[in-house]
Amino acid sequence: MAKVRYITDISKITMLPEAEREQLKPITEKFVFRVNDYYLNLIDWNDPDDPIRKLVIPNTGELKEYGRWDASDEDTNYVVPGCQHKYKTTALLIVSEVCGAYCRYCFRKRLFRNDVKEAVTDVSPGLDYIAAHPEINNVLLTGGDSLMLGTPRLRAIIERLRSIPHVKIIRLGSKLPVFNPMRIYEDPDLLELIREHSTPEKRIYVMAHVNHPREITPEAKRGFDALHQAGAIVVNQTPILKGINDNAEVLAELLDKLSWAGVTPYYFFVNRPVAGNSDFVLPLERVYRLVEEAKARTSGLGKRVRLSMSHTSGKIEILAIENGKAYLKYHQSRDGEYGKFMVLDCPPDAAWFDDLPGSEKYWKKPGKKTDKVVSVNELPPVPVKRVKRGRTADAVQRVEVAEPS
Numbered sequence: 017m018a019k020v021r022y023i024t025d026i027s028k029i030t031m032l033p034e035a036e037r038e039q040l041k042p043i044t045e046k047f048v049f050r051v052n053d054y055y056l057n058l059i060d061w062n063d064p065d066d067p068i069r070k071l072v073i074p075n076t077g078e079l080k081e082y083g084r085w086d087a088s089d090e091d092t093n094y095v096v097p098g099c100q101h102k103y104k105t106t107a108l109l110i111v112s113e114v115c116g117a118y119c120r121y122c123f124r125k126r127l128f129r130n131d132v133k134e135a136v137t138d139v140s141p142g143l144d145y146i147a148a149h150p151e152i153n154n155v156l157l158t159g160g161d162s163l164m165l166g167t168p169r170l171r172a173i174i175e176r177l178r179s180i181p182h183v184k185i186i187r188l189g190s191k192l193p194v195f196n197p198m199r200i201y202e203d204p205d206l207l208e209l210i211r212e213h214s215t216p217e218k219r220i221y222v223m224a225h226v227n228h229p230r231e232i233t234p235e236a237k238r239g240f241d242a243l244h245q246a247g248a249i250v251v252n253q254t255p256i257l258k259g260i261n262d263n264a265e266v267l268a269e270l271l272d273k274l275s276w277a278g279v280t281p282y283y284f285f286v287n288r289p290v291a292g293n294s295d296f297v298l299p300l301e302r303v304y305r306l307v308e309e310a311k312a313r314t315s316g317l318g319k320r321v322r323l324s325m326s327h328t329s330g331k332i333e334i335l336a337i338e339n340g341k342a343y344l345k346y347h348q349s350r351d352g353e354y355g356k357f358m359v360l361d362c363p364p365d366a367a368w369f370d371d372l373p374g375s376e377k378y379w380k381k382p383g384k385k386t387d388k389v390v391s392v393n394e395l396p397p398v399p400v401k402r403v404k405r406g407r408t409a410d411a412v413q414r415v416e417v418a419e420p421s
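Here it is in structure tokens:
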């Protein structure tokens, strides 16, 4: 398998002026940096507003006071370490704390702190929990990026899940189809694993994260095709991000190119109010208008996408925003409120469900199900470095050893 080269030191990105690299170093001390040479080659370095650049190169806005590390209170979804169970039929296994690169908008950037350990090496407790709960019929392997696991490790988890009769769907959360598509089409063992365990009765889905049409390169298309040929179903989700894809023509192009490649447009998300994300935030009304304008430019296949907020209480679908009112419903609900319809005032600057007056009447913050998982919102805002074996052991150094085998 061809190996991409991973870079975790911003000072080694020589395409950036030295002064800019120095300016960005303090940001990488709070929010870890990681990228690979394949993805760097997609950047137009002559354009300071290049969207691919903004996806992975730190920005000074990350140090603004904004949001929380865990904006959707995922700490309350853990039933055992490494396993979340928020919605009745779906469980999440946090199997990796590594990605092919680190998106600057990532809603789980807390996983890359050196003082947080939500991903687990031993997923047995989570698998045992899933086996004991027959209402769970689909399981998402996520992180981090599930395809950063070596194929033998991935096989062990998938085979265990396939031994559980009530688990019909296995989902692989991954941005590697665009971060490192070679990991897919140059690994016959991975494709054989999918071929064995994605059947007409029990499918494997790949939940891709394509944010911009320029990520859909010839290599990415080859990766999509390899997944399709192996029997996987590929769908896509992306937040709407200021400065990256906040353009109706760009979003329409994304919907078209995904559909042409056989990738189902699944979700457009509202960017979560996560620490460091202020420069990516758009008002809800602006997001809604962009999505509707994009859908007007695409076919019915592109129009399958839903616009949603992944809130603590559930996935809240935005049906319309008109005349200062937001028309919403629960597309998924932690508390069984699926389908509940809501009409709330929508101030011009509202960017999240909690910004809508009266939204607090529709949900209450849940308590934790286990104390074995750290609540990152209670930790210091800047990760505290620790010394190990005579050297600083921060999150960057910890992940460098976790490449796919």
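Counting in our numbering, the sequence shown runs from 17 upward without gaps.
Positions of the beta carbon are idealized from the N, C-alpha and C atoms, including for glycine.
Source: prediction; values computed, not measured.
Buried/exposed call for residue i, threshold 16 Cβ in 10 Å
i      : result
Ala312 : exposed
Thr30  : exposed
Gln253 : buried
Glu231 : buried
Met57  : Per the sequence shown, residue 57 should be read as Asn rather than Met. Classification of Asn57: exposed, given that the 10 Å Cβ count is below 16.
Pro64  : exposed
Ala148 : exposed
Pro216 : exposed
Ser27  : exposed
Asn62  : exposed
Thr158 : buried
Val415 : Residue placement at Val415 cannot be trusted, given a pLDDT of 31 that sits under 50; the coordinates are not used to answer.
Arg21  : exposed
Chain-order list of residues whose beta-carbon lies under 7 Å from that of residue i (same chain, five-residue window excluded)
i      : result
Tyr121 : Pro255, Leu257, Asn287, Asn293, Phe296
Pro197 : Glu235, Ala236, Arg238, Gly239
Asp131 : Leu395, Pro399, Val400
Ser375 : Leu360, Phe369
Glu151 : Lys104, Thr105
Lys273 : Pro229, Ile232
Ser112 : Ala135, Gly159, Gly160, Asp161, Ser162, Met164, Leu165
Thr4   : The structure shown does not extend to residue 4, since the chain spans only 17 to 421, so no value can be given for it.
Range covered by the beta strand (DSSP E) that runs through residue i
i      : result
His327 : 322–327
Lys331 : 330–338
Lys345 : 341–346
Gly239 : No beta strand (DSSP E) contains Gly239, which is instead part of the alpha helix (DSSP H) from 234–246.
Phe357 : 357–361
Ala367 : First-last for Ala367: undefined, no H or E at that position.
Whole-number beta carbon distance between residue j and residue i, since they are thought to touch under 8 Å
i      : j      : result
Leu270 : Leu306 : Leu270 to Leu306, Cβ: 11 Å. No contact.
Ile186 : Ile146 : Not a contact, Cβ separation roughly 11 Å.
Glu78  : Ile110 : The Cβ separation is near 23 Å, so there is no contact.
Ile337 : Cys362 : 5 Å
Leu156 : Thr106 : 7 Å
Tyr283 : Val222 : Tyr283 to Val222, Cβ: 14 Å. No contact.
Val72  : Cys119 : 7 Å
Beta-carbon proximity list for residue i, same chain, < 8 Å, skipping 5 on both sides
i      : result
Lys356 : Lys345, Tyr346, Ser349, Tyr378
Val389 : Asp91, Tyr94, Pro97, Glu134
Asp66  : Ile59, Asp60
Asn261 : Pro67, Asn227, His228, Thr254, Leu267, Leu270
Thr314 : Ala268, Leu271, Asp272, Ser275
Lys9   : Given a span of 17 to 421 for the chain in the structure shown, any question on residue 9 remains unanswerable.
Extent of the continuous alpha helix (DSSP H) run through residue i
i      : result
Pro281 : Segment 280–286 is the beta strand (DSSP E) holding Pro281; no alpha helix (DSSP H) there.
Thr44  : 34–46
Val266 : 264–276
Val155 : First-last for Val155: 154–158, but that is the beta strand (DSSP E), not the alpha helix (DSSP H).
Arg69  : 67–72
Val400 : No alpha helix (DSSP H) contains Val400, which DSSP labels as neither H nor E.
CA-to-CA distance, residue j to residue i, given in whole angstroms
i      : j      : result
Leu32  : Lys191 : 24 Å
Asp241 : Ala277 : 8 Å
Lys80  : Pro299 : 18 Å
Glu212 : Arg302 : 44 Å
Tyr94  : Gly142 : 10 Å
Met358 : Tyr343 : 6 Å
Phe369 : His327 : 7 Å
Leu360 : Thr233 : 41 Å
Asp53  : Glu36  : 19 Å
Thr422 : Arg199 : This structure cannot settle anything about residue 422, because the visible part of the chain is limited to 17 through 421.
Asn227 : Ile249 : 19 Å
Arg129 : Asn339 : 42 Å
Gly259 : Gln245 : 35 Å
Asp60  : Ser140 : 44 Å
His102 : His225 : It should be noted that the sequence gives Lys, not His, for residue 102. Taking the straight line joining both Cα atoms gives about 21 Å.
Leu108 : Pro397 : 26 Å
Glu175 : Leu188 : 14 Å
Sequence-distant residues of its chain with Cβ nearer than 6 Å to residue i (five each side left out)
i      : result
Ile23  : Val51
Ala418 : Low local confidence applies: a pLDDT of 34 at Ala418 is under 50, so the model's placement there is unreliable, and no value is given.
Val136 : Pro97, Gly98
Thr92  : Pro382, Lys384
Lys184 : Asn153, Lys218
Met325 : Val286, Ile332, Phe369
Val290 : Gly83, Ala87, Phe123
Leu323 : Phe284, Val307, Ile334
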